[in-house]
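Basically the numbering used here = 1-based index in the sequence shown + 208. We treat Cβ as the ideally placed atom computed from N, Cα and C, and that holds for glycine. Before any comments, here is the structure.
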Amino acid sequence: MRPAEMILVAFRVCIPALFCVCGLAQQTLPHQQTVDPIAYTVEVSVPGQLPSEIRVSKHSSGAIGVTPGRRIPAANADPGKAKLERAEIAAKLEGETIRIDLNLLFDNDRKETAATYRLRESEIVEVAGLPEYGIGPFTLRVVFAKPLVEDPTPTDQLQIANNTASLEILRFEKASPSSPTYQLEARNISNRDILSVALYIPDPENRAASGQTASGGRARPLIKTGEVWKTDVSIDRSGRTTSQGFVPQPPRVKTLIVRAIVFEDGAYEGDPEAVAEIEAMRLGRKVTFITAIDVLEEALKQGDREPAELIKLLQEAVYAIPKEASEDLLAGIISRFPSLSDGARTSLKFQAESGIRSAKEMVIRQIQTFEESVTRSSAGVNLHAWLALTIAHFRGLADIPL
Numbered sequence: 209m210r211p212a213e214m215i216l217v218a219f220r221v222c223i224p225a226l227f228c229v230c231g232l233a234q235q236t237l238p239h240q241q242t243v244d245p246i247a248y249t250v251e252v253s254v255p256g257q258l259p260s261e262i263r264v265s266k267h268s269s270g271a272i273g274v275t276p277g278r279r280i281p282a283a284n285a286d287p288g289k290a291k292l293e294r295a296e297i298a299a300k301l302e303g304e305t306i307r308i309d310l311n312l313l314f315d316n317d318r319k320e321t322a323a324t325y326r327l328r329e330s331e332i333v334e335v336a337g338l339p340e341y342g343i344g345p346f347t348l349r350v351v352f353a354k355p356l357v358e359d360p361t362p363t364d365q366l367q368i369a370n371n372t373a374s375l376e377i378l379r380f381e382k383a384s385p386s387s388p389t390y391q392l393e394a395r396n397i398s399n400r401d402i403l404s405v406a407l408y409i410p411d412p413e414n415r416a417a418s419g420q421t422a423s424g425g426r427a428r429p430l431i432k433t434g435e436v437w438k439t440d441v442s443i444d445r446s447g448r449t450t451s452q453g454f455v456p457q458p459p460r461v462k463t464l465i466v467r468a469i470v471f472e473d474g475a476y477e478g479d480p481e482a483v484a485e486i487e488a489m490r491l492g493r494k495v496t497f498i499t500a501i502d503v504l505e506e507a508l509k510q511g512d513r514e515p516a517e518l519i520k521l522l523q524e525a526v527y528a529i530p531k532e533a534s535e536d537l538l539a540g541i542i543s544r545f546p547s548l549s550d551g552a553r554t555s556l557k558f559q560a561e562s563g564i565r566s567a568k569e570m571v572i573r574q575i576q577t578f579e580e581s582v583t584r585s586s587a588g589v590n591l592h593a594w595l596a597l598t599i600a601h602f603r604g605l606a607d608i609p610l
């Protein structure tokens with residue numbers, strides 16, 4: 209199978225506070241797994257809130273999101289500078305210590321590490337916080353992790369419905385009887401390559417819905433004609449979160465809908481609203497990659513600069529790429545799908561800006577990876593070669609002929 213990008217869309221609600229730790233650790237843990245020989249839990253305690261945990265080991269790291277509340281402007285704050293959008297506490301195992309970073313993420317996608325702590329088992333650190341950003345004090349503590357055990361909470365059940373004719377469902381079943389993950393296998397029975405598949409799980413009680421879209425490109429389609437595509441779909445434990453904690457409830461039956469597919473020639477099967485959302489995300493990514501390519505090509509003309517200096521210029525130029533979808537981009541999509549409901553038209557902006565954000569983050573990571581290689585290398589680096597390869601890579605992702 210050719211690699212394809214999986215974009216997951218989830219809906220969560222966090223209640224604002226002066227300092228709110230919300231969300232789950234950004235790590236994927238199997239439902240049932242062998243306990244790592246060395247595993248620790250980083251407990252993050254905020255006054256007035258239940259502690260949050262990040263499990264780390266030799267094989268896994270994690271992070272939790274931090275939502276700043278009322279922001280206290282610094283005395284010398286510059287209104288023209290990027291504003292803090294969110295923060296995170298990230299942890300990973302380094303030798304016999306746990307490295308814990310307090311990262312700040314700004315609205316131009318710049319990321320700064322405000323503080324780093326290195327703790328061993330049973331050590332505690334009291335963090336004063338960053339009041340200028342609305343982040344109050346919190347406590348970090350490292351403890352030896354409890355063994356992972358199978359969660360006895362029943363999972364909701366999934367059935368499948370297919371809104372397309374060209375994607376044949378071959379298998380859809382749980383990975384194991386108690387697993388929250390279903391395995392889906394489907395074959396492209398058309399004579400055209402499939403670029404995207406949109407999956408959707410509505411909530412029976414209309415509380416929240418979830419979906420995921422898998423996409424490839426024209427150079428590397430998601431499912432070539434005749435090929436079999438395999439993917440995993442996870443479903444939540446059956447229950448709800450209350451002020452007293454998680455309360456299990458009887459399993460519900462939900463439906464995984466194969467909502468739409470998009471072919472290499474732009475034709476589609478299924479829900480036009482889903483296709484419009486796919487197109488919005490694709491175009492958001494494409495315009496961002498094109499802008500990044502312009503930045504990189506301009507850098508190619510400045511070969512006399514030192515790598516560190518040019519990297520700094522590249523980073524600032526990429527940070528300045530707008531995160532907002534243009535009205536022209538959205539109007540172009542709506543003109544192709546005039547029957548869209550008002551709700552669907554509203555969601556196009558979100559999808560396009562999700563595409564912009566994901567592409568921009570990819571460009572930033574590429575530059576950061578190169579910067580790290582420059583720092584490590586004692587023999588020098590070929591800046592021109594890296595720029596040329598990176599431009600070619602982004603041209604491929606934007607479906608621009610080489």
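Kindly give me the distance between the Cβ atoms of residue i and residue j, rounded to whole angstroms, as I take these residues to be in contact under 8 Å.
| i | j | result |
| --- | --- | --- |
| leucine 403 | glutamate 472 | 6 Å |
| isoleucine 306 | tyrosine 248 | 6 Å |
| glycine 563 | methionine 489 | 4 Å |
| serine 253 | leucine 301 | Between leucine 301 and serine 253 the Cβ distance is about 21 Å, and since that is not below 8 Å, they are no contact. |
| threonine 439 | alanine 427 | No, threonine 439 and alanine 427 are not in contact; Cβ-Cβ is about 20 Å, not under 8 Å. |
| threonine 463 | glutamine 367 | 5 Å |
| glutamate 365 | proline 459 | The sequence as given places glutamine at residue 365; glutamate does not occur at that position. The Cβ separation is near 6 Å, so the contact holds. |
| isoleucine 443 | proline 385 | Wrong, their Cβ atoms sit about 14 Å apart, outside the cutoff. |
| serine 547 | proline 480 | 7 Å |
List the endpoints of the continuous alpha helix (DSSP H) containing residue i.
| i | result |
| --- | --- |
| serine 265 | Unbroken run through serine 265 is the beta strand (DSSP E), 260-265; no alpha helix (DSSP H). |
| lysine 382 | That residue, lysine 382, is in no alpha helix (DSSP H); its beta strand (DSSP E) goes 375-382. |
| glutamine 257 | Unbroken run through glutamine 257: none, as it is neither H nor E. |
| arginine 603 | 591-605 |
| isoleucine 519 | 515-527 |
Buried or exposed for residue i, going by 16 or more other Cβ atoms inside 10 Å?
| i | result |
| --- | --- |
| glycine 551 | exposed |
| threonine 396 | The amino acid at residue 396 is misidentified as threonine; the sequence shows asparagine. When all chains shown are included, asparagine 396 counts as buried. |
| glutamine 574 | buried |
| valine 405 | buried |
| glutamate 580 | exposed |
| serine 330 | exposed |
| isoleucine 355 | Checking the sequence shown, residue 355 turns out to be proline, not isoleucine. It is exposed - the Cβ of proline 355 has fewer than 16 other Cβ atoms within 10 Å. |
| serine 260 | buried |
| leucine 237 | In this predicted model, leucine 237 has a pLDDT of only 35, less than 50, meaning its place in the structure is not dependable; the value taken from the coordinates is given anyway. Exposed, by the Cβ-count rule. |
| phenylalanine 602 | buried |
| aspartate 401 | buried |
| glutamate 506 | exposed |
| phenylalanine 346 | buried |
| tryptophan 594 | buried |
| valine 461 | exposed |
| leucine 171 | Only positions 209 to 610 of the chain appear in this structure, which leaves residue 171 out of reach. |
| leucine 522 | buried |
| leucine 591 | buried |
| serine 269 | buried |
| glutamate 517 | exposed |
Identify the continuous beta strand (DSSP E) that holds residue i and give its terminal residues.
| i | result |
| --- | --- |
| isoleucine 542 | Careful: isoleucine 542 lies outside any beta strand (DSSP E), inside the alpha helix (DSSP H) at 535-544. |
| tyrosine 341 | Here tyrosine 341 belongs to no beta strand (DSSP E), and DSSP marks it neither H nor E. |
| leucine 548 | Note, leucine 548: premise wrong, no beta strand (DSSP E); not H, not E. |
| alanine 614 | Outside the shown range of the chain, which is 209 to 610, sits residue 614, and nothing can be said about it. |
| arginine 395 | 389-396 |
| asparagine 311 | 305-314 |
| glutamate 251 | 247-253 |
| leucine 430 | Leucine 430 -> no beta strand (DSSP E), and no H or E assigned at all. |
| lysine 354 | Per DSSP, lysine 354 belongs to no beta strand (DSSP E) and is neither H nor E. |
| serine 269 | Careful: serine 269 lies outside any beta strand (DSSP E) and carries neither H nor E. |
| isoleucine 190 | Past the boundaries of the shown model lies residue 190; the chain is included only from 209 to 610, so the question cannot be answered. |
| alanine 322 | 319-327 |
| threonine 463 | 461-471 |
| isoleucine 368 | 365-370 |
| glutamine 420 | 418-423 |
| aspartate 440 | 436-442 |
Excluding the 5 residues flanking residue i on each side, which residues of the same chain have their C-beta closer than 6 Å to its C-beta?
| i | result |
| --- | --- |
| tryptophan 437 | Ala394, Ile431 |
| alanine 482 | Ala406, Arg467, Ala468 |
| threonine 321 | Asp309, Asn311 |
| valine 503 | Ala525 |
| leucine 313 | Glu293, Arg294, Lys319 |
Output needed for residue i: all residues of its chain with C-beta closer than 7 Å, excluding positions within five of it in sequence on either side, in chain order.
| i | result |
| --- | --- |
| glutamate 477 | Thr372, Ala373, Ser374, Ala468, Ile469 |
| alanine 533 | Gly492, Lys557, Ala560, Glu561, Ile564 |
| leucine 537 | Leu491, Val495, Ala560 |
| leucine 327 | Thr305, Ile306, Ile308, Val333, Leu348, Val350 |
| glutamate 381 | Tyr390, Gln391 |
Given residue i, which residues of its chain have a CB within under 8 Å of its CB, disregarding the five upstream and five downstream residues?
| i | result |
| --- | --- |
| asparagine 399 | Thr433 |
| leucine 378 | Glu393, Ala394, Arg395, Val436 |
| threonine 324 | Arg307, Ile308, Asp309, Leu310 |
| alanine 606 | Arg493, Lys494, Phe497, Ile498, Ile501 |
Secondary structure, beta strand (DSSP E): runs of 3+ residues fully inside the region 475-501: 476-478
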